[in-house]
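Take 129 as the starting number for the sequence shown in our numbering and just add one per residue. Even glycine gets a Cβ: it sits at the ideal position worked out from N, Cα and C. For reference, the structure is listed below as structure tokens.
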Amino acid sequence: MSEGPTVVVASGDRLFAAAARRYLEQIGWTVMAIAGDGLRALAAVGRGRPSAILVISQLPRLGPVALARQIRRRDPAAHIVIIGDVQSEDGVVLPVDTPAEMVASALASPRPATTAEPARRPSSVALLRSLTSRERLILKLLAEGVTLREIASQLDVSQHTVRTHMQNMYAKLGAHSRLDVVRFAAEHGLVGGEAEASSREP
């Protein structure tokens with residue numbers, strides 16, 4: 129049994145499913161099952177209890193929103209990532225053009241469990257100070273639209289190293305996608321002076 133993260137991939141498109149499997153296995157995930165429809169995906173999740181469930185676009189028999197709802201009812205802590213033009217409160221929803229590395233980051237960053245009394249959200253300054261100098265620099269570059277490959281080149285590190293920094297940063301900010309990061313930066317004025325100054329802090 130693999131000690132790494134595990135995932136069930138659900139997609140009505142075999143080509144998308146195969147591409148997702150190849151990519152995830154290349155970065156160290158174990159694909160427990162590929163399901164071509166929602167009912168098979170639900171059964172696969174029940175059998176294997178994966179680390180995450182990746183749902184790609186529409187599904188026969190049981191659509192992505194209904195599938196996510198059914199999974200959440202059976203396992204409230206299940207981590208579900210949906211790629212497609214849908215709205216769901218039971219999973220992290222990403223647009224269809226989300227880069228593969230961002231999908232992997234979303235899969236690797238489960239949402240925190242809900243509590244009866246939600247914790248007060250830290251201020252933007254506190255969130256920013258929780259990041260390392262390298263993570264703050266990557267936050268700035270991501271918000272400016274710099275690609276993963278370009279970030280790796282600028283920092284003279286591998287793309288895998290950049291992904292690791294991004295996963296840590298996403299977890300600290302409570303972000304699930306690049307869109308969340310850009311929104312955070314825009315809402316709190318981190319693109320430009322403040323972000324640039326923060327990236328130089330020790």
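Item	Value
Closest by C-alpha distance to residue 264, when choosing among 287, 236, 296 and 284	296
Residue-level contact to chain B via CB, residue 159, 8 angstroms cutoff	Absent here is chain B; the protein component of the structure consists of one chain.
Continuous beta strand (DSSP E) assignments of at least 3 residues falling wholly in the region 159 to 204	180 to 184
Spatial distance of residue 158 from residue 134 (CA atoms)	5 angstroms
Residues near residue 214 in its chain [Cβ-Cβ closer than 7 angstroms; skip 5 each side]	192, 193 and 221
Residue 286 beta carbon less than 8 angstroms from that of residue 230	no
Residue 139 - partner residues in DSSP beta bridges	184
Whole-angstrom C-beta distance between residue 235 and residue 307, which should lie under 8 angstroms	Rounded, the Cβ-Cβ distance is 16 angstroms, inconsistent with contact.
Through-space distance from residue 309 to residue 270, alpha-carbon basis	7 angstroms
Neighbour-count burial assignment, residue 198, 16 or more Cβ in a 10 Å radius	buried
Backbone secondary structure at residue 155 - three-state DSSP	coil
Segment limits, alpha helix (DSSP H) that includes residue 290	287 to 301
Bridge partners - residue 226, DSSP secondary structure assignment	Beta-bridge pairing links residue 226 to no other residue.
Nearest-angstrom Cβ-Cβ length linking residue 174 and residue 202, presumed shorter than 8 angstroms	7 angstroms
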